Amino acid sequence: MNELNTLISDLVVPESPRWHDDRLWFANWGVAQEIVAAEPDGNVEVIARGPKSAGFSLDWLPDGRLLVTGDDRLLWMEADGSLVTHADLSGVASGINEIVVDGRGNIYLNSVEFAFGQEDFRPGAIELVTPDGAARRVAEDIWFPNGMVVTPDNSTLVVAESWASRLTAFDIEPDGGLTNRRVWANVGGDGITMDAEGAIWASAVVEDGPVVLRVREGGEVLDRFELPAACFACMLGGPHGTTLFLAVARWQGVERMGELFGLHTGQMLTTEVAVARAGRP
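With numbering that gives the first Met the number 0 as the guide, the letters of the sequence shown map in order to residues 0 to 280.
Put into structure tokens, the structure is as follows:
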């Protein structure tokens, strides 16, 4: 059984964890609206305030600039912590959720396309912002798009379709377009992270409660452990790449989501796993 340790407590809703420059970066949603960086020992630095949108996600361009998502904008952070618009997606996307950048500087963002908890469900989409700043839609009919990963060779993108309980893969074309859509695994997922063997860790909610699964392409579950609260995202990192960071908070349903954003039930948990994150030297 994996031993869970508490790295950070008293968070609101931790999301979008990323291992970057030997620190864990993440978004602390809700009343905090913070961009946070944490040392491996749990010491925390608030880097900046996030955008006013309810949720936002983080990733980096190859040149080292930090990208932050807004409702319908892609922002990047100045040295003083201010956020400026990198791309205006108001005519392309609605309700941007997650972001991932490939090694060529292509930026993939997914949009939910409906107001969660306020409107009836509509399928979402994946948008691409190329290095020259041009934006276009590259995939549709994504059932609540959530976490995404790009394989280290930049050939494949995998997205969690949370409301369809599946991980879906696409080939990445030379121009950044997505083709050859296929089911990567029929498991639920929110935030996802890939290890050096090409397996994916995915948070999920099953009949027994919240869990994190390690699954290989095709759907074989290689590892599974239960969590004390809903896991909104996970990320491999740490000094050896074998620390699995788990962003959890108490979830009480869509109808009480506003209440969740005002409470401090969030934690960043850790556990050690056998296989390091993908892309390590």
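Here a beta-carbon is modelled for each residue, glycine too, at the ideal position from N, C-alpha and C.
No experiment lies behind these values; they were computed from the predicted model shown.
{"Check": "Own chain, CB closer than 6 Å to Arg181, minus 5 neighbours either side, in chain order", "Outcome": "Ala168"}
{"Check": "Ala36 in three-state terms, based on DSSP", "Outcome": "strand"}
{"Check": "Local Cβ density within 10 Å of Ala78, reported as buried at 16 or more and exposed below that", "Outcome": "exposed"}
{"Check": "Same chain only: Cβ atoms within 8 Å of Ser154, ignoring 5 sequence neighbours per side", "Outcome": "Asp170 and Ile171"}
{"Check": "Every unbroken beta strand (DSSP E) inside the segment 162 to 216 [3 residues or more]", "Outcome": "165 to 171, 177 to 184, 191 to 193, 199 to 205 and 208 to 214"}
{"Check": "C-beta atoms of Gly63 and Pro151 nearer than 8 Å", "Outcome": "no"}
{"Check": "When Glu160, Asn179 and Arg213 are compared against Pro122, the one with the closest alpha-carbon", "Outcome": "Glu160"}
{"Check": "Buried versus exposed, by CB contacts within 10 Å (16 or more), Arg213", "Outcome": "buried"}
{"Check": "Beta-bridge partners of Gln266, as assigned by DSSP", "Outcome": "Val247"}
{"Check": "Extent of the continuous beta strand (DSSP E) run through Glu44", "Outcome": "Val43 to Arg48"}
{"Check": "Three-way DSSP call (helix, strand, coil) for Glu118 in this model", "Outcome": "coil"}
{"Check": "For Ser164 and Gly187, believed in contact at Cβ under 8 Å, the rounded distance", "Outcome": "4 Å"}
{"Check": "As assigned by DSSP and simplified to three states, the class of Pro144", "Outcome": "strand"}
{"Check": "Segment limits, beta strand (DSSP E) that includes Asp87", "Outcome": "Leu82 to Asp87"}
{"Check": "Beta-carbon spacing of Ile125, Val148 below 8 Å", "Outcome": "no"}
{"Check": "Nonlocal neighbours in the same chain, by C-beta distance under 8 Å from Trp59, ignoring five residues either side", "Outcome": "Arg17, His19, Leu65, Leu66 and Val100"}
{"Check": "Residue from Leu127, Val111, Glu118 and Gly54 with nearest C-alpha to Ala86", "Outcome": "Leu127"}
{"Check": "Paired residues, beta bridge with Glu68 - DSSP", "Outcome": "It should be noted that the sequence gives Thr, not Glu, for residue 68. Its beta-bridge partners are Leu73."}
{"Check": "Close Cβ partners of Trp142 (< 6 Å) along its chain, the five nearest in sequence each way excluded", "Outcome": "Pro122, Glu160, Trp162 and Ala163"}
{"Check": "Bridge partner(s) assigned by DSSP for Glu160", "Outcome": "Pro144 and Arg165"}
{"Check": "Beta-carbon contacts of Phe224 that lie in its chain and below 7 Å, excluding the five residues immediately before and after", "Outcome": "Met0, Asn1, Val210 and Val211"}
{"Check": "C-alpha gap between Trp183 and Ala134, whole angstroms", "Outcome": "26 Å"}
{"Check": "Where Met0 falls: helix, strand or coil (DSSP)", "Outcome": "Caution is warranted here: a pLDDT of 49 is assigned to Met0, below 50, making its placement in the model unreliable, and no coordinate value can be reported."}
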